[in-house]
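Student:
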Amino acid sequence: MSTTTRLTSSAADQAPSTAAPRKARRRGEQSPGARLATHGVLVVASLIALFPVAWLVFLSLGPDKDDYLHPGRIFGKMTLDNYVFVLQETRFFDWLTSTLVVSLGTTVIGVLVAATTGYAVSRMRFPGYKKFMWVLLMTQMFPIAVLIVPMYQILSELQLIDSYLGLVLVYCSTAVPYCAWLLKGYFDTIPFEIDEAGRVDGLTPFGTFARLILPLAKPGLAVAAFYSFITAFGEVAFASTFMLSDTKYTFAVGLQSFVSEHDAQRQYMAATAVLVAVPVSAFFYLVQKNLVTGLTAGGTKG
Amino acid sequence: MTVAIDRATGKRRGERTPRPGPLTRLKHTYQKYWYAYAMIAPVALVLGVLVLYPLVYGFYLSLTDADSLNSARTIGVNRIEATYTFIGLDNYADILWGDTAYDRFWSHFIWTIVWTAACVTLHYVIGLGLALLLNQRIRGRTLYRLVLVLPWAVPTFVTVFGWRFMLADTGLINSALDALHLPTPLWLEDTFWQRFAAIMVNTWCGVPFMMLSLLGGLQSIDTSLYEAAEMDGASAWQRFRFVTLPGLRSVSSTVVLLGVIWTFNQFAIIFLLFGGTAPDADILVTWAYYLGFGQQPRDFAQSAAYGMLLLSVLVVFTAFYRRWLNRDEPQLAN
């Protein structure tokens, strides 16, 4: 969907209008020079975007701990030993399990809850819905510094410290507000005649939501899922405070403990970092198709 | 067409039914909207327990002298009760105009403002530039987009490690600068360069979000507007200024606000890049975290007070921002 929308809309504002063209160009078509410049800028930007990640991959192949200071030496002795070490000698798979449990838990619960919220706010003008959206936005402003101590105490009251569920709930509280906003914007773009048709045909409000609206909102849901997943996957402060046993560390915490454990052995760190980046990037490229369309809907309606 | 139609429900708003009394209305509202409340209940519950209650509690803590030595804690089987006391607004007074207030608060405050302004500006300008480029009919556009989104796709804590390798004293960036006979700053030690590096890394991480949002915004602008502008003889700059920018207005206002909030509260990048070794490069959030968790004894009360100050800065900013946006438009986002 995103591909087609982009193909049909071209921005003519990039086409240079100075220097009358010798042969007529179609709208949105560029002179060769402008096209070259465009490609040049995009290639440079892509390199900048790609380079730190590629560099990390490259460094992870060097077997010695000081190789990152002398990258030239790596060429002669590239090896996958670091990966073997990380996979066999560390708690990598424990971390993988807990990270996936927490991230996928946040994604499922977060998207479900955000979808019902977004739908309710989008479709039903119940008293207080405007204030509710602002409360949601306000929760994005709360700095962790003020929340983390009380949160810790509440979670320990609820016996949720060092448990996956506790962390999932905490992440939901950060991911859901934004997702709800985004999905509300998306639901706004779905014609309400569809709801009415469903109601006329005898569906309950929940039935309308689950059987008609959710399938139509897939792009928006994909973005919300992606956002929740990334939030949960990359979060550092809560995870390092709330997860106590080292078998339940998420990668974000595990990688840090790894650094202090093998003090200067950065080659293992690099290898772990690369291995961590693999699942999340895979997930990312699964949903990226819907990303632009979903973000637009969220953005334009805010 | 004077009959107002409720955009979302499609109900005609008219005087078709007589207005019922308050009690009936309440009952009616409940009957009509009970499922709306049911749908919102889970969020309200989680946010109430995990965000609003901690906020109130944090505010209370900021009015006490709580630290890790006098808070309730459990050592082995012994439970020690909390002994901290209520001291009113002393924490705030101490932070804002205590003895070393400049070093502890104002220097971080100024740096936080600079950091937020610089990062959001860079995010927006670079993101808009790239979105404009990607919004053309060019070869390999999908590939460019996939690569450019990479900094967002890979988790921050991974990419920040990559940057640390590159910024190390004799790391890649300094080697390259050295080869070009340029000065090689101590990126991770010298305060100015620490700050420079922090902005650079955060810009790198934050551009993809802006780029994708703005790209989406660009695609939702009606093409016929450009055609009309072209017919009227508008130059490329005029089309950008009078068609593109107004068309992006609603997306921009949302993403800029979110960008400010997220950057202002950005924790991971500075925390991971310097690992608590650079107090001068700490923005208020990481500094508050350092007070509450990075030192002994942990000063919960001051940390919470910093948090409340941060929050109030953001609330004030948002209020002004909304007013500024609403100066000629009735609403930003309801």
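Here the protein sequences line up with chains H and X, keeping their order. With my numbering, the residue at position 175 of the first sequence is 225, and numbering never jumps. With my numbering, the residue at position 167 of the second sequence is 1542, and numbering never jumps. We put the CB at the ideal spot given by N, CA and C, even for glycine.
Nearest to X/ILE1644 by CA position, among X/LEU1422, X/TRP1481, X/THR1534 and X/ARG1697, is which residue?
Tutor: As a first step, residue 1644 of chain X must be located in the second sequence, where it is residue number 269. When only C-alpha atoms are compared, the closest one is X/THR1534.
Student: Whole-angstrom Cβ separation of H/PHE142 and H/LEU305, contact assumed at under 8 Å?
Tutor: For the purposes of this step, residue 142 of chain H is taken as the residue at position 92 of the first sequence. For the purposes of this step, residue 305 of chain H is taken as the residue at position 255 of the first sequence. That belief does not hold up - the Cβ atoms of H/PHE142 and H/LEU305 are roughly 10 Å apart, past 8 Å.
Student: Counting only beta-carbon separations shorter than 7 Å, does H/PHE334 have a partner in chain X?
Tutor: Walking along the first sequence from the start, residue 334 of chain H turns up at place 284. By this cut-off, H/PHE334 is an interface position.
Student: Establish whether the CB of H/VAL196 and some CB of chain X are separated by less than 7 Å.
Tutor: Residue mapping note: residue 196 of chain H aligns to position 146 of the first sequence, counting from 1. So yes, H/VAL196 belongs to the interface.
Student: Please classify H/VAL330: is it buried, with 16 or more other beta-carbons within 10 angstroms of its beta-carbon, or exposed?
Tutor: Numbered from its first residue, the first sequence carries residue 330 of chain H at position 280. Burial call: buried.
Student: Interface residues of chain X around H/LEU219 at Cβ under 8 Å?
Tutor: By one-based count along the first sequence, residue 219 of chain H stands at place 169. Neighbours of H/LEU219 on chain X, chain order: VAL1421 and LEU1425.
Student: Ends of the alpha helix (DSSP H) at H/SER331?
Tutor: Within the first sequence, residue 331 of chain H is the residue found at index 281, counting from 1. Per DSSP, H/SER331 belongs to the alpha helix (DSSP H) from 316-337.
Student: When the cut-off is 7 Å and only beta carbons count, does H/PRO71 lie next to chain X?
Tutor: Counting from 1 along the first sequence, the entry for residue 71 of chain H is found at position 21. The predicted position of H/PRO71 is uncertain, since its pLDDT is 47 and thus under 50; a value taken from the coordinates is nonetheless stated next. Not closer than 7 Å to any Cβ of chain X, the Cβ of H/PRO71 fails to qualify, so no.
Student: Cα-Cα, which of H/VAL303, H/THR166, H/LEU217 and H/ILE240 is closest to X/ALA1411?
Tutor: On the second sequence, position 36 is the one that residue 1411 of chain X refers to. It is H/THR166.
Student: In chain H, which residues lie less than 8 Å from X/MET1585 when you measure between Cβ atoms?
Tutor: The residue given as residue 1585 of chain X occupies position 210 in the second sequence. Residues of chain H passing the Cβ test: none, with the nearest at roughly 10 Å.
Student: Tell me X/THR1439's beta-bridge partners as DSSP assigns them.
Tutor: For the purposes of this step, residue 1439 of chain X is identified with residue 64 of the second sequence, where counting begins at 1. X/THR1439 is bridged to X/PHE1461.
Student: Using the beta-carbon of each residue, which ones in chain X are nearer than 7 Å to H/TYR299?
Tutor: Residue numbering aside, residue 299 of chain H sits at position 249 when the first sequence is read from its first letter. Going along chain X, no residue has its Cβ under 7 Å from H/TYR299, so there is no contact; the nearest lies around 12 Å.
Student: Just to confirm, does H/GLU139 get its C-beta within under 6 Å of one of the non-hydrogen atoms of the ligand MG?
Tutor: This structure does not include the ligand MG; it has no bound ligands of any sort.
Student: Please go through the same chain and pick out, in chain order, the residues whose beta-carbon is closer than 7 Å to the beta-carbon of H/VAL163, but skip the five residues on each side of it.
Tutor: The residue you call residue 163 of chain H lines up with position 113 of the first sequence. Result list for H/VAL163: CYS222 and VAL226, in chain order.
Student: Classify H/PRO71 as buried or exposed, calling it buried when 16 or more other Cβ atoms lie within 10 Å of its own Cβ.
Tutor: One-based indexing of the first sequence puts residue 71 of chain H at position 21. Reliability of the predicted coordinates at H/PRO71 is poor, the pLDDT of 47 falling under 50, and the value obtained from them is presented with this limitation in mind. Label assigned to H/PRO71: exposed.
Student: If we count the other Cβ atoms within 10 Å of its Cβ and call it buried at 16 or more, is X/ASN1701 buried or exposed?
Tutor: To locate residue 1701 of chain X, count along the second sequence from 1; it is residue 326. Result: exposed.
Student: Hey, could you find the ends of the alpha helix (DSSP H) H/VAL226 is sitting in?
Tutor: Locating residue 226 of chain H in the first sequence gives position 176, where the first residue counts as 1. Here the alpha helix (DSSP H) through H/VAL226 covers 214-238.
Student: Would you identify the three-state DSSP class for X/PHE1484, choosing helix, strand or coil?
Tutor: The sequence position of residue 1484 of chain X within the second sequence is 109, counting from 1. Here X/PHE1484 sits in helix by DSSP.
Student: When we look at the beta-carbon of X/VAL1489 and count the other beta-carbons within 10 Å, is it buried (16 or more) or exposed?
Tutor: As a first step, residue 1489 of chain X must be located in the second sequence, where it is residue number 114. X/VAL1489 comes out exposed.
Student: At least one CB of chain C closer than 7 Å to the CB of X/VAL1688: is that the case?
Tutor: No chain C is part of this structure, whose protein chains are labelled H and X.
Student: Pair every Cβ in the segment 1540-1554 of chain X with every Cβ in the segment 283-293 of chain H, then say whether three or more of these pairs are closer than 8 Å.
Tutor: Touching, no.
Student: Could you please give the first and the last residue of the uninterrupted alpha helix (DSSP H) stretch that includes X/GLN1677?
Tutor: Taking the second sequence and counting its residues from 1, one reaches residue 1677 of chain X at position 302. It spans 1675-1700 - the alpha helix (DSSP H) in which X/GLN1677 sits, taken as one unbroken run.
Student: With H, G and I counted as helix, E and B as strand and the rest as coil, what does DSSP make of X/MET1490?
Tutor: One-based indexing of the second sequence puts residue 1490 of chain X at position 115. Sequence inspection shows Trp at residue 1490 of chain X; the Met mentioned does not correspond to that position. The answer is helix: DSSP assigns X/TRP1490 an H, G or I state.
Student: So if I threshold CB-CB distances at 9 Å, which residues from the segment 1511-1534 of chain X count as touching chain H?
Tutor: The residues in question are GLN1511, ARG1512, ILE1513, ARG1514, GLY1515, ARG1516, THR1517, LEU1518, TYR1519, ARG1520, LEU1521, VAL1522, LEU1523, VAL1524, LEU1525, PRO1526, TRP1527, ALA1528, VAL1529, PRO1530, THR1531, PHE1532, VAL1533 and THR1534.
Student: Could you check if X/MET1585 is buried or exposed, using at least 16 other CB atoms within 10 Å of its CB as the buried criterion?
Tutor: Here residue 1585 of chain X refers to the residue found at position 210 when the second sequence is read from its first residue. Looking at its Cβ environment, which holds 16 or more other Cβ atoms inside 10 Å, X/MET1585 is buried.
Student: Is the shortest distance between the beta-carbon of H/MET293 and the beta-carbons of chain X less than 7 Å?
Tutor: Here residue 293 of chain H refers to the residue found at position 243 when the first sequence is read from its first residue. Chain X, which has no Cβ nearer than 7 Å to the Cβ of H/MET293, makes this no.
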